[in-house]
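Here's the structure we're looking at; comments come further down.
Protein chains: 2
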Amino acid sequence: MKRDIKYCVIGAGNGGVAMAGYLAMMGYSVNLYNRTHEKLIPLLKEKTINLTGEVTGSGKLDKVTSDIGEAIENVDVIMITIPAVGHSKIAKEMAPYLKDGQIIILNPGRTGGALEVYETLLRERKRNNIIVAEAQTFIYAVRAEDATQAHIFKSKHEVSLAAIPATKTDYVLELINDVYPQFTPAKDILETSINNYGAIFHPAPTLLNSGHIERGMPFDYYMEGITPSVANVLEKMDSERMEIGRMLQIETVSAMSWLEDSYGGFGRDLYETVQNTPAYRGLKAPGTIQTRYIHEDVPYSLVPMESIAILLGIKTPAISSIIDIAETIAGKEFRKIGRTADKLGLEGLSIAEMHLLARQGRISKKRYFVEEVV
Amino acid sequence: MKRDIKYCVIGAGNGGVAMAGYLAMMGYSVNLYNRTHEKLIPLLKEKTINLTGEVTGSGKLDKVTSDIGEAIENVDVIMITIPAVGHSKIAKEMAPYLKDGQIIILNPGRTGGALEVYETLLRERKRNNIIVAEAQTFIYAVRAEDATQAHIFKSKHEVSLAAIPATKTDYVLELINDVYPQFTPAKDILETSINNYGAIFHPAPTLLNSGHIERGMPFDYYMEGITPSVANVLEKMDSERMEIGRMLQIETVSAMSWLEDSYGGFGRDLYETVQNTPAYRGLKAPGTIQTRYIHEDVPYSLVPMESIAILLGIKTPAISSIIDIAETIAGKEFRKIGRTADKLGLEGLSIAEMHLLARQGRISKKRYFVEEVV
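Going line by line, the protein sequences match chains F and G. Okay, so the first sequence: first residue is 20 according to the working numbering, each after it adds one. Okay, so the second sequence: first residue is 20 according to the working numbering, each after it adds one.
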């Protein structure tokens, strides 16, 4: 038991509330941070989060705060649960308060999150002795009504995780496996970044159900939203994603196999497997088309995948067309906003150098690293 | 009155039944042809079509047949109402029986229909003294339960039409304006082909409502299916279409203005205008994703538009992404199946030469025309 580990959870959304509540329920010291104070108000008096669903119980938090310095003071592990759009910003905000050896875990990193946060800290702190890890997906399927309670539909059986530097992955797992034994080591953050199944399950079903979502009539996102034809599109996108993984010599499994591994789903194809994943039952579709499933998963998952594919000379017509439609529907230039290979520092690197960057967070070849590391 | 004109209507689908019924009701001699005999069985005894909705009454047909020779024998005007996928085939089947001076009207041609039929007849008959016209859209919003009755939601106020050769457009209009005064002359078939609003209104709302359509729960296709975000995509596609039109020096109006002109719709944007187009009320979405709205409008409307845009050096990201998604969802290579600029004989032509081809159905520059015309 490692009950002396102190956690900070960043973000009081669905995931953050569930994670903070669970860690506290398991006896750990937990601070919960949220950028806006309003969201925390219901928690200020009792500081207690109630969990229902697969996990039942309650946990009492140590601190509930919108002061980042106070939130991460003396904690060992910082669990980031905010959308990827905020990763770089929160890294900048934490930078002045971080102490060497603290561990940041992105839950999840989407594609390239750990690399982006690591680079941001490198720039802000000149040197970087912070471990930045990313989980390949969020550990729960969860919905929270407010900051005092969360309903956990299901915990995933297995979630891979990698750290920068990669030599610290096992160390991170050792610390957190006591409370979350589901985390398993990935080779490096390229593996967690390419095995990003939100990229497959979030934008396309949302777009292909645009009308229904915008009419505001609720429906089950996975069970009803992923019809056989929608599943066909997902399978095409997923095969493009796997092709990127193969080129990068990364271990990757299909979205279908991943559903089997994570939730015990089963079936002959992706459509059947989704239907036979009870964890997804009851998860409602977003109430608007302007959702994280578009505004986060397109620029921070699909855009970097497409961009890396271009570097590798791979065509991704299904992924690219979903980005195109998302740009049109959201009226945003996601390819400009998003994490491109260029922004992640991957451009001009060989595949071996990409892995070196992923494992070390820097390679001497890149001039701006040299300048800042000395 | 030109009651001595004899019509043949090809195709006993929604549109064909309504058109045949109306022409007969107005006192014209009408033959109705359908490829499969089964569809005609309910009509064999009484040969009478009942119309409800905007037009109420009934019309008695002359012949009801699945013999193409019998169907078009001694008729003046042949109204083609079958999907564009069948245009070339029906042209081949009619070729041996056609008599000089007969008029074929495609209702509608989609994009490039008249050109394709004209070329097919040129190849089949060596010389071509048939007039081939295309309407820019179908004249009715209509649904038919079976071949004996159709419900006409609304006739459009105005439908443009062009003939090959273009010098015969006025002659064709003179013949049919007696019964259909809504038809107005277009400059040439490039104009009717680019002003193809089915390309805008059919594939994208279907795809962006894929889940709902495939779940089989009925909804109003236009009123419910075209939400503000879906309308944004349509406006983007429409602006790409208009850009093609401008480059081709074709008169074109936006889909929004077209709704105003055709149905008296009104509003500040396309979404509002669709909502304020009562003619669209009650028109249900297709019951399957494998619908004409995909299998016809993608290869015979969007594919030729994209292909012409490429010739002209115009980018069409919204149109192209809808084609991409349609290919994935339908599992068909619509760009290979469809009417490309190459297949329409437009490749390598200047814009002036494209109009020459559109007006004459042939230009001496193209070798295969020279060979076959002599």
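Cβ coordinates follow ideal geometry from the N, Cα and C atoms, glycine included.
* Asked: For threonine 100 of chain G, which of G/Leu125, G/Lys82 and G/Pro61 has the nearest alpha-carbon?
  -> As a first step, residue 100 of chain G is located in the second sequence; it is residue number 81 there, counting from the start. Restricting attention to G/Leu125, G/Lys82 and G/Pro61, the CA atom closest to the CA of threonine 100 of chain G is found in G/Leu125.
_Could you check whether asparagine 53 of chain G and aspartate 81 of chain G sit closer than 7 Å to each other, using their CB atoms as the reference points?_
Locating residue 81 of chain G in the second sequence gives position 62, where the first residue counts as 1. Locating residue 53 of chain G in the second sequence gives position 34, where the first residue counts as 1. Cβ atoms of aspartate 81 of chain G and asparagine 53 of chain G: not closer than 7 Å.
message: Spatial neighbours of leucine 227 of chain F within its chain, please: C-beta separation below 6 Å, excluding the five flanking residues on both sides.
response: For the purposes of this step, residue 227 of chain F is taken as residue 208 along the first sequence, with counting starting at 1. The residues are Val249.
Self-check item: For histidine 170 of chain F: DSSP bridge partner residues
Solution: Sequence index remark: in the first sequence, residue 170 of chain F carries index 151 (1-based). Paired residue(s): F/Thr71 and F/Arg162.
| field | Local conformation of glutamate 243 of chain F per DSSP, three classes | value | On the first sequence, residue 243 of chain F is found 224 positions in, with the first residue counted as 1. It is coil, neither helix nor strand.
- Message: Is it buried or exposed, asparagine 33 of chain F, if we count other Cβ atoms within 10 angstroms and call 16 or more buried?
- Response: Taking the first residue of the first sequence as 1, we reach residue 33 of chain F at position 14. The residue is buried, with at least 16 neighbouring Cβ atoms inside 10 Å.
query: Excluding sequence positions up to five away, which residues of its chain have a Cβ less than 6 Å from the Cβ of arginine 144 of chain G?
result: Counting from 1 along the second sequence, the entry for residue 144 of chain G is found at position 125. For arginine 144 of chain G, where only same-chain residues beyond five positions count, the Cβ hits under 6 Å are Ala114.
Quiz prompt | glycine 332 of chain F versus F/Ser281, F/Gly364, F/Val317 and F/Glu262, residue with shortest Cα-Cα distance | solution = Working through the first sequence from its first residue, we reach residue 332 of chain F at position 313. The residue from F/Ser281, F/Gly364, F/Val317 and F/Glu262 with its alpha-carbon nearest to that of glycine 332 of chain F is F/Glu262.
Under 9 Å by beta carbon: chain G residues contacting asparagine 228 of chain F = By one-based count along the first sequence, residue 228 of chain F stands at place 209. Going along chain G in sequence order, the residues near asparagine 228 of chain F (Cβ under 9 Å) are Leu227, Asn228, Ser229, Gly230 and His231.
Item checked: beta strand (DSSP E) segment containing isoleucine 82 of chain G, residue limits -> Counting from 1 along the second sequence, the entry for residue 82 of chain G is found at position 63. Residue 82 of chain G is actually lysine in this sequence, not isoleucine. That run of the beta strand (DSSP E) goes 82-84.
Residues that DSSP places opposite serine 48 of chain G in a beta bridge
Taking the first residue of the second sequence as position 1, residue 48 of chain G is located at position 29. Note: serine 48 of chain G sits in a beta bridge opposite G/Lys25.
At 8 Å on the CB atoms, spell out the chain F contacts of asparagine 251 of chain G, in chain order. Reading the second sequence from its first residue, position 232 is the one you call residue 251 of chain G. Within chain F, the residues near asparagine 251 of chain G are Thr347, Ile348 and Gly350.
At the level of alpha carbons, what is the spacing between histidine 374 of chain G and threonine 359 of chain G?
Mapped onto the second sequence, residue 374 of chain G falls at position 355. Mapped onto the second sequence, residue 359 of chain G falls at position 340. Cα to Cα, histidine 374 of chain G sits roughly 16 Å from threonine 359 of chain G.
Quick one: which chain G residues come within Cβ less than 8 Å of aspartate 343 of chain F? Your numbering for residue 343 of chain F matches position 324 in the first sequence. Per Cβ cutoff of 8 Å: Pro336, Ala337, Ser339, Ser340 and Asp343.
Within chain F, the residues that arginine 244 of chain G reaches when beta carbons sit closer than 8 Å: Counted from its first residue, the second sequence places residue 244 of chain G at position 225. The amino acid occupying residue 244 of chain G in the given sequence is glycine; arginine does not appear at that position. Under the 8 Å cutoff, chain F gives Gly230.
- Task: Using the Cα positions of leucine 267 of chain F and serine 212 of chain F, report the straight-line distance between them to the nearest angstrom.
- Result: Position 248 of the first sequence holds residue 267 of chain F. Position 193 of the first sequence holds residue 212 of chain F. Answer to the nearest angstrom: the Cα atoms are 11 Å apart.
Say whether the stretch 267-284 of chain F touches the stretch 296-304 of chain F, bearing in mind that this needs 3 or more beta-carbon pairs closer than 8 Å, one atom from each stretch. yes
(Q) Once the 5 residues before and after aspartate 165 of chain G are set aside, which same chain residues still bring their CB inside 7 Å of it? (A) Mapped onto the second sequence, residue 165 of chain G falls at position 146. The answer, listed in chain order, is Pro61.
**Prompt:** At least one CB of chain F closer than 7 Å to the CB of arginine 255 of chain G: is that the case?
**Reply:** Against the second sequence, residue 255 of chain G aligns to sequence position 236. Reading off the sequence shown, one finds lysine at residue 255 of chain G, where the question assumed arginine. For lysine 255 of chain G, the answer is yes, since a Cβ of chain F falls inside 7 Å of its Cβ.
Report task. Return yes when the Cβ of threonine 347 of chain G is within less than 7 Å of the Cβ of glutamate 259 of chain G, no when it is not. Result -> As a position in the second sequence, residue 259 of chain G is number 240, starting the count at 1. As a position in the second sequence, residue 347 of chain G is number 328, starting the count at 1. No, these two residues do not count as a Cβ contact at 7 Å.
Quick one: what's got a C-beta closer than 7 Å to proline 102 of chain F's C-beta in the same chain, skipping five residues either side? Taking the first residue of the first sequence as 1, we reach residue 102 of chain F at position 83. For proline 102 of chain F, same chain residues with a beta-carbon under 7 Å away, outside a window of 5 residues either side, are Arg311 and Glu315 in chain order.
Assigned exposure category for leucine 63 of chain G - 16 Cβ within 10 Å defines buried:
Within the second sequence, the letter at position 44 stands for residue 63 of chain G. Taking all protein chains in view, the Cβ of leucine 63 of chain G is surrounded by fewer than 16 other Cβ atoms within 10 Å, so the residue is classified as exposed.
**Study point:** DSSP bridge partner residues for threonine 203 of chain G (one or two, in chain order)
**Key:** The count along the second sequence starts at 1 and reaches residue 203 of chain G at position 184. G/Ser179, per the DSSP bridge assignment.
Task: Residue environment, proline 222 of chain G, which counts as buried when at least 16 other CB atoms sit within 10 Å - done: Here residue 222 of chain G refers to the residue found at position 203 of the second sequence. So proline 222 of chain G ends up on the buried side.
Rounded to whole angstroms, what's the CA-CA distance from alanine 371 of chain G to serine 383 of chain G? Just pull it up for me.
Within the second sequence, the letter at position 352 stands for residue 371 of chain G. Within the second sequence, the letter at position 364 stands for residue 383 of chain G. Using only the alpha carbons, I get a separation of about 14 Å.
Assuming glutamate 112 of chain F contacts isoleucine 87 of chain F (C-beta within less than 8 Å), just tell me the rounded distance between them.
In the first sequence, the residue the question calls residue 112 of chain F occupies position 93. In the first sequence, the residue the question calls residue 87 of chain F occupies position 68. At roughly 5 Å, the Cβ-Cβ gap stays under 8 Å, so glutamate 112 of chain F and isoleucine 87 of chain F are in contact.
Next item on the list: Just the C-alpha distance for leucine 117 of chain G and valine 136 of chain G, rounded to the nearest angstrom, thanks.
Entry: For this step, residue 117 of chain G is matched to residue 98 along the second sequence. For this step, residue 136 of chain G is matched to residue 117 along the second sequence. Straight-line Cα distance between these residues: approximately 13 Å.
Pull the bridge partners of glutamate 153 of chain F from the DSSP assignment, please. Within the first sequence, the letter at position 134 stands for residue 153 of chain F. In the DSSP output, where bridge partners are listed per residue, glutamate 153 of chain F has F/Leu125 and F/Ala181.
Give me the residue from F/Thr139, F/Ala377, F/Asp343 and F/Gly105 with the minimum Cα distance to asparagine 251 of chain G.
Looking up residue 251 of chain G in the second sequence gives position 232. Checking every option, the nearest Cα to that of asparagine 251 of chain G belongs to F/Asp343.
Note to self: 7 Å is my cut-off, CB to CB: does isoleucine 329 of chain F come that close to chain G?
What the structure shows: Counting from 1 along the first sequence, the entry for residue 329 of chain F is found at position 310. So no, isoleucine 329 of chain F is outside the interface.
Item to complete: Would you mind working out which of G/Ser85, G/Arg146, G/Ile341 and G/Leu363 sits nearest threonine 55 of chain G, comparing C-alpha positions?
Response: The count along the second sequence starts at 1 and reaches residue 55 of chain G at position 36. Among G/Ser85, G/Arg146, G/Ile341 and G/Leu363, the Cα nearest to that of threonine 55 of chain G is on G/Ser85.
Below 7 Å on C-beta distance, what does isoleucine 308 of chain F contact in chain G? What you label residue 308 of chain F is simply residue 289 of the first sequence in a count that begins at 1. Result: Ser248.
Quiz prompt | chain F residues whose Cβ lies nearer than 8 Å to that of arginine 311 of chain G | solution = Mapped onto the second sequence, residue 311 of chain G falls at position 292. Here the premise fails: no neighbours, minimum Cβ distance about 16 Å.
Strictly under 7 Å for the Cβ-Cβ distance: is arginine 234 of chain G near chain F by that measure? Taking the first residue of the second sequence as position 1, residue 234 of chain G is located at position 215. Closer than 7 Å: yes.
For this session: Starting from the Cα of arginine 265 of chain G, find the closest Cα among G/Ala90, G/Gly35 and G/Ile327 and give me that residue.
Result: Taking the first residue of the second sequence as 1, we reach residue 265 of chain G at position 246. Looking at the Cα atoms, G/Ile327 is the closest of the given residues.
**Report entry** Members of the stretch 199-224 of chain F that neighbour chain G once the beta carbon cut-off is set at 8 Å
**Finding:** Pro224
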